[in-house]
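Undergrad: At position 58 of the sequence shown the residue is numbered 155 (my numbering), and the sequence of numbers has no breaks.
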Amino acid sequence: MKSAEVRELAVGEIEKKLRDTRDELLQMHLRKETGQVERPHLIRELRRDIARIETIHREKLRAK
């Protein structure tokens, strides 16, 4: 997910996106442990997406 896409979202939508992305990362980690992960590079991308979303979320909260 691009930063510009996240910046367009409202704070509530960002929080929902953050929860969903964290859940997806958890599922990827579980699949990795059982050997069922098809695209392991997505784990790194999800971690970076989470960091990007958290950063923008903090920026929006401080701007208020």
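Every residue, glycine too, gets a C-beta built ideally from N, C-alpha and C.
1) State yes or no: is the C-beta of residue 150 within less than 7 angstroms of the C-beta of residue 115?
2) Within 8 angstroms, do at least three Cβ pairs link the region 99-113 to the region 131-140?
3) Using the Cα positions of residue 122 and residue 112, report the straight-line distance between them to the nearest angstrom.
4) My understanding is that residue 119 touches residue 147, with C-beta atoms under 8 angstroms, so please give their C-beta distance in whole angstroms.
5) Quick one: is residue 127 buried, meaning 16 or more other Cβ sit within 10 Å of its Cβ, or exposed?
TA: In short, the structure shows the following:
1) Taking 7 angstroms as the cut-off, the beta carbon of residue 150 is found closer than this to the beta carbon of residue 115.
2) Between the region 131-140 and the region 99-113 there are fewer than three inter-stretch CB-CB distances shorter than 8 angstroms, so the stretches are not counted as touching.
3) The straight-line gap from Cα to Cα measures roughly 15 angstroms.
4) Contact holds; Cβ gap of about 6 angstroms.
5) Residue 127 comes out exposed.
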